[in-house]
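**Student:** Residue numbers for the sequence shown follow the working numbering, so the first one is 1 and each next one is one higher.
The beta carbon of each residue, even a glycine, is placed where N, CA and C say it ideally should be.
Because the structure is a prediction, the values reported are computed rather than measured.
For reference, the structure I am asking about is given below.
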Amino acid sequence: MKRREFLTRSAALAAGLTVVPQSGAHAALWSPGDADERELAMRALDAARSAGAQYADVRISRNRSQAVSTRERQITGFQDSETAGFGVRVLANGAWGFAASREMNLEEVVRVARQAVEQARANSAARVRPVELAPAERVADGRWRSPIQVDPFTVDIEDKVGLLFQANEAALRGGARFVNSSLFFLREEKTFASTEGSYTVQTLYRTLPQMTVTAVGAGGGDFQTRQSTPVAAMGLGYEHVRNADLVNNAPRWAADAVAKLTARPVEPGRYDLVLMPSHLFLTIHESIAHPTELDRIMGFEANYAGTSFISPIQDFLGKFRYGRDLMNIQAERTAPGSLATVGWDDEGVRPDEYLIVKNGILNDLQTTREQAPWLADWYRSQGRPVRSHGNSYAQSWSDVQFQRMPNVNLMPDAARDTTLQELIGGVENGILIEGRGSYSIDQQRYNAQFGGQVYHEIKNGRVGGMIKDVAYQIRTPEFWNSMDAIGGRSTYEVHGSFNDGKGQPSQSNAVSHGCPPARFRGVNVINTGRRA
1 MKRREFLTRS AALAAGLTVV PQSGAHAALW SPGDADEREL AMRALDAARS
51 AGAQYADVRI SRNRSQAVST RERQITGFQD SETAGFGVRV LANGAWGFAA
101 SREMNLEEVV RVARQAVEQA RANSAARVRP VELAPAERVA DGRWRSPIQV
151 DPFTVDIEDK VGLLFQANEA ALRGGARFVN SSLFFLREEK TFASTEGSYT
201 VQTLYRTLPQ MTVTAVGAGG GDFQTRQSTP VAAMGLGYEH VRNADLVNNA
251 PRWAADAVAK LTARPVEPGR YDLVLMPSHL FLTIHESIAH PTELDRIMGF
301 EANYAGTSFI SPIQDFLGKF RYGRDLMNIQ AERTAPGSLA TVGWDDEGVR
351 PDEYLIVKNG ILNDLQTTRE QAPWLADWYR SQGRPVRSHG NSYAQSWSDV
401 QFQRMPNVNL MPDAARDTTL QELIGGVENG ILIEGRGSYS IDQQRYNAQF
451 GGQVYHEIKN GRVGGMIKDV AYQIRTPEFW NSMDAIGGRS TYEVHGSFND
501 GKGQPSQSNA VSHGCPPARF RGVNVINTGR RA
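Pasting the structure below:
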């Protein structure tokens, strides 16, 4: 079969497997923000108020996702799905209620709104204290869209598969034995309205190109992989796939995998580490971003990846030294192209920028409208308003919104534009680590172990040969207090996690972490290839 015919037939087969849940006649014609949609939202809010809700909000959304995956010269998977519907959340008798439906018509929104109120009344029997919401600015008609150049859903599937096949061939020519590659896209169109008079319409995009190349030793007894971790998931369009330049980067990743076959295993011990942004973002995610989620700290999130060592709050806020004075951790949802960036969160709040860690000291926590009043005493002592940071999110219309992570970033050196070479130059015996690898962390985000993709030894201020089987162990405060230098603004990069799970039933969100390279002193390193 000729290549073009193969692509055409494969795409046609995949299209036949497309799943588009039926949401009624209205869904087929619906576009975000249109007049019919506004009428549905207003009818839901009126019905909730009439049924006794003190507060209500409604989210109407349509999500489309597409994924294509290949291995060497074959298409191994294709999925294109779309789901549309609405969810109504209410406060009645001081408790939350939520109900949702995919049938978008006037009668159904009234029924669902009333059902949500009934659920809230039932929930109120078990409440300890009534829910209090921090004030939020009214947004009468807000519009926002991810800063994309090319909608990925307008690009032919044949072009996408062709690009992956070209990249696979380039990796095979570069020495790889096996190659897996994929593209994933999400478009999230959603409208929010509340009884406080807010009405926002947003369209969000996310794009993730990926490759994993595998090299096999001559005797077949060893294999090593290299992932395309320098290419980050982003809140951008198809232009991000083109800019990732998989075809030209694939031979370099293949060469790294081949080189790992003959790399010297690391000798366990204490080393100075220089961690590149493509690796450090995950350490930030696990040991800073997750433990500063307020619901984890309060014990409302425990079964999915645990709680937090930051407890009780009064012993930590303004007192706990997370790291040295040079450490500033910023939370935001405004950076163009970052995965958690939005115009408004799923409570209609415009997110603000704030410092979770300020000059090394724990300064703030991630909040929603319900959570911000829990920190009222701290905010008032600092002369700051009691307001949500805009950290509410739900993955779909059928899920209730709750606190989700914003973009959490390690800020670069503000005093000077410190270079990577300067960080390396201050190391006599150390390791340079690139890329995301395997990791594990305990239920309070306190003890952890992290690996990467590519490791090079550092001797007397110079980068040396490649080594392998490296992982480092940390206790969160000791590790971050060992950071004695960070790169400047020119070294800052954004990476992120496309699927970050939380909650029961579980939901997934996407979040970016920006950071420069950073240097850590005297970190314990183990050899992951040795047997006991």
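Between the stretch 234 to 249 and the stretch 381 to 395, do three or more beta carbon pairs fall short of 8 Å?
**Tutor:** These segments do not touch.
**Student:** Name the two residues that bound the continuous alpha helix (DSSP H) containing Trp480.
**Tutor:** Note, Trp480: alpha helix (DSSP H), 476 to 481.
**Student:** In whole angstroms, what separates the C-alpha of Ser10 from that of Thr70?
**Tutor:** Summary for Ser10: the model assigns pLDDT 48, below 50, so the residue's position carries little reliability; its value from the coordinates is reported in the next sentence. Ser10 and Thr70: Cα-Cα distance of roughly 11 Å.
**Student:** Just to confirm, are Tyr439 and Gln449 a CB contact at a threshold of 8 Å?
**Tutor:** Yes.
**Student:** Do three or more CB pairs link the stretch 179 to 189 to the stretch 116 to 123 at distances below 8 Å?
**Tutor:** No: fewer than three Cβ pairs fall under 8 Å.
**Student:** Give the secondary structure of Pro209 by DSSP, where H, G and I count as helix, E and B as strand, and everything else as coil.
**Tutor:** Here Pro209 sits in strand by DSSP.
**Student:** Nearest to Gly175 by CA position, among Cys515, Asp345, Ile474, Thr225, is which residue?
**Tutor:** Answer by Cα proximity: Thr225.
**Student:** Closer than 8 Å, CB to CB, is Leu410 near chain C or not?
**Tutor:** Protein chains in the displayed structure number just one, and chain C is not present.
**Student:** Does Tyr304 pass the burial test, meaning 16 or more other C-beta atoms within 10 Å, or should it be called exposed?
**Tutor:** Exposed: under 16 other Cβ atoms inside 10 Å.
**Student:** Under the assumption that Phe86 contacts Val109 (Cβ atoms under 8 Å), give the Cβ distance between them as a whole number of angstroms.
**Tutor:** Sure, about 7 Å apart at Cβ, within 8 Å.
**Student:** How would you label Asp272, buried or exposed, when you count the other beta carbons within 10 angstroms and need 16 or more for buried?
**Tutor:** The residue is buried, with at least 16 neighbouring Cβ atoms inside 10 Å.
**Student:** Give me whichever residues DSSP pairs with Gln473 in a beta bridge.
**Tutor:** DSSP, once it has assigned bridges, lists Gln449, Asn524 as partnering Gln473.
**Student:** Opposite Pro265 in the DSSP bridges: which residues?
**Tutor:** According to DSSP, Pro265 bridges with Lys468.
**Student:** Under the DSSP definition of a beta bridge, which residues are partnered with Ser392?
**Tutor:** Note: Ser392 sits in a beta bridge opposite Gln403.
**Student:** Would you report the Cα separation of Pro516 and Met42, rounded to the nearest angstrom?
**Tutor:** Computed Cα separation, rounded: 46 Å.
**Student:** Lys502 to Ser508, Cα distance in whole Å?
**Tutor:** Approximately 7 Å, taken between the alpha carbons.
**Student:** Express the C-alpha separation of Tyr379 and Thr418 in angstroms, rounding to a whole number.
**Tutor:** Roughly 34 Å separates the two Cα atoms.
**Student:** Using the DSSP secondary-structure output, state which residues sit across from Leu410 in a beta bridge.
**Tutor:** Answer by DSSP bridge pairing, in chain order: Ile329.
**Student:** Could you tell me which of Asn63, Asn460, Phe320 sits nearest to Glu189, measuring between CA atoms?
**Tutor:** For the residues Asn63, Asn460, Phe320, the minimum Cα distance to Glu189 belongs to Asn63.
**Student:** For Asp537, which residues in the same chain have their Cβ closer than 7 Å to its Cβ, ignoring the five residues on either side in sequence?
**Tutor:** This structure cannot settle anything about residue 537, because the visible part of the chain is limited to 1 through 532.
**Student:** If the criterion is Cβ atoms closer than 8 Å, does the pair Ser392 and Thr368 meet it?
**Tutor:** Closer than 8 Å, so yes.
**Student:** Since Ala92 contacts Gln66 with CB under 8 Å, what's their CB separation in whole angstroms?
**Tutor:** About 39 Å; that fails the 8 Å criterion.
**Student:** Is it right to say Thr307 is buried, meaning 16 or more other beta carbons lie within 10 angstroms of its own, or is it exposed?
**Tutor:** Counting Cβ neighbours within 10 Å, Thr307 comes out buried, since at least 16 surround it.
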